[in-house]
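Below: the structure, in structure tokens.
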Amino acid sequence: MVSGEDQKEDPLDFVLWKPKKEGEPFWESPWCEGRPGWHIECSVMSKKYLGEEIDIHAGGEDLIFPHHENEIAQSEAANGKTFAKYWMHNGFLNIDNKKMSKSLGNFFTVRDISEKYDLQVLRFFMLSAHYRSPLNFSAELMEAAKNGLDRIVNCVSNLNYLLENAQTEELREQEERQLVCAQGFVQKFDEAMDDDFNTADAVSAIFELVKFANTHVSETSSAAFIRAIKDKIVELTDICGLAVEHSQEMLDEDIEALIEERQEARKAKNFARADEIRDLLAGKGIILEDTREGVKWKRE
Ligand SMILES: [Zn+2]
290 MVSGEDQKED
300 PLDFVLWKPK
310 KEGEPFWESP
320 WCEGRPGWHI
330 ECSVMSKKYL
340 GEEIDIHAGG
350 EDLIFPHHEN
360 EIAQSEAANG
370 KTFAKYWMHN
380 GFLNIDNKKM
390 SKSLGNFFTV
400 RDISEKYDLQ
410 VLRFFMLSAH
420 YRSPLNFSAE
430 LMEAAKNGLD
440 RIVNCVSNLN
450 YLLENAQTEE
460 LREQEERQLV
470 CAQGFVQKFD
480 EAMDDDFNTA
490 DAVSAIFELV
500 KFANTHVSET
510 SSAAFIRAIK
520 DKIVELTDIC
530 GLAVEHSQEM
540 LDEDIEALIE
550 ERQEARKAKN
560 FARADEIRDL
570 LAGKGIILED
580 TREGVKWKRE
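Note that the working numbering gives residue 334 to position 45 of the sequence shown, counting from 1, and the numbers run on in steps of one.
Structure (structure tokens):
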């Protein structure tokens with residue numbers, strides 16, 4: 290039990306139990322009334338809720354020393370077992386190349402971002418850098434992430450359209466060879482993820498697969514070929530926690546209901562709401578056309 294640097298035997302010693310301070314909560318202990326040091330709180334909670342050994346311990350890179358090193362020292366001394374098999378330390382998020390902080394006024398929450406962007410876009414953006422590297426957040430980079438994700442979503446929706454209208458079912462010989470080539474991108478994805486979750490390279494492999502789909506799948510492709518390519522894209526994006534199918538697609542009846550609501554809003558001279566609906570539909574790739582016969586719509 291020490292209360293200051295001068296009472297330590299070795300400057301590298303760290304506090305396990307702190308004597309009580311007036312006005313702070315405290316507990317009885319064999320050493321004195323006091324409270325646990327903050328490193329030991331983690332060792333104790335980890336043991337109580339997760340056991341003596343854990344597979345993965347994560348945290349911000351600022352916690353490596355002294356906090357995580359002290360957790361290892363305490364837990365391994367107490368349990369005689371390896372504390373954590375893997376350590377994952379994430380880099381910091383910067384805003385416009387500056388550290389995010391309340392005092393700089395560049396502080397915002399995920400909820401704030403969700404008001405402007407679909408959270409899938411935020412997730413996709415975070416995958417664009419390795420988790421151990423610092424990540425810079427800016428409006429332009431979020432826009433780029435949105436465009437990137439849209440490219441994948443559009444590709445999948447196009448493949449679904451081609452699949453519905455495919456003329457033949459059976460895989461052709463040439464398509465079989467092309468599938469081997471497409472499988473190469475899946476392998477690239479796996480290798481990147483196996484390399485300490487190199488999500489930036491994994492996402493590039495998805496883009497290569499999308500580019501491959503856009504150049505090699507057409508109206509003349511067999512259903513088996515289209516389905517195989519589409520399934521690969523959906524599988525890889527799913528591993529990344531991204532839903533590129535269905536979620537962004539609107540059902541015809543939902544679109545029609547919104548168009549009707551927009552007509553009502555215009556009649557009531559609520560142009561703000563009318564514009565809002567038009568933008569919402571545009572965001573889902575639905576284009577409206579005002580004609581003499583009424584409003585017509587089509588998918589982008
Ligand atoms: Zn901790």
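Ideal placement from N, C-alpha and C gives every residue a C-beta, glycine not left out.
* Would you tell me roughly how many angstroms separate the C-alpha atoms of H505 and V475, rounded to the nearest one? => 16 Å
* **Any 3 or more C-beta pairs closer than 8 Å across the segment 405 to 423 and the segment 375 to 383** => yes
* Pick from I548, L547, I544, F496: whose alpha carbon is nearest that of V523? -> F496
* **Per DSSP, the bridge partner or partners of P355** => In DSSP, P355 forms no bridge with anything.
* Where G583 and K500 are concerned, what is the direct C-alpha to C-alpha distance, given to the nearest angstrom? -> Each residue's alpha carbon lies about 38 Å from the other.
* If we call anything under 8 Å between Cβ atoms a contact, is I566 one with A554? -> yes
* To do: Find the nearest neighbour of R588 within the set E404, S507, S446, A494, judged by alpha-carbon distance.
  => S446
* Option in K370, F381, E322 with minimal Cα separation from K336 -> Residue K370 is the option with its Cα nearest to K336.
* Between the beta-carbon of R551 and the beta-carbon of A563, is there less than 8 Å? -> yes
* Asked: By DSSP, does N559 sit in helix, in strand, or in coil?
  -> coil
* R461 in three-state terms, based on DSSP -> DSSP, read as helix, strand or coil, puts R461 in coil.
* Could you give the distance in angstroms between the alpha-carbon of K573 and the alpha-carbon of W306? -> 57 Å
* Flag this pair as yes or no: are the beta carbons of I361 and F372 separated by less than 8 Å? => yes
* If you check the beta carbons only, do A517 and L468 fall under 8 Å apart? -> yes
* Option nearest V304 by Cα separation, candidates G326, W316, E311, F315 -> G326
* Cβ neighbours of A532 in the same chain (closer than 6 Å, five flanking residues each side left out) -> none
* Cut-off 7 Å between Cβ atoms - residues of its own chain near A434, not counting five sequence neighbours on either side -> V410, F413, F414, S417
* For the alpha helix (DSSP H) containing L525, list its first residue and its last residue. => Residues 512 to 528.
* Alpha carbon to alpha carbon, how far is S507 from I402? Give it in angstroms, no decimals. => 37 Å
* To do: Return the first residue and the last residue of the beta strand (DSSP E) that H346 is part of.
  => 343 to 349
* Put K405 into one of helix, strand or coil per three-state DSSP. => helix
* Between which two residues does the beta strand (DSSP E) harbouring M377 extend? -> 373 to 379
* To do: Hey, could you find the ends of the alpha helix (DSSP H) V492 is sitting in?
  => 488 to 505
* In whole angstroms, what is the alpha-carbon distance linking F315 and P308? -> 8 Å
* **Cβ-Cβ distance between S510 and A455 below 8 Å** => yes
* Asked: What are the start and end residues of the alpha helix (DSSP H) that includes N447?
  -> 428 to 453
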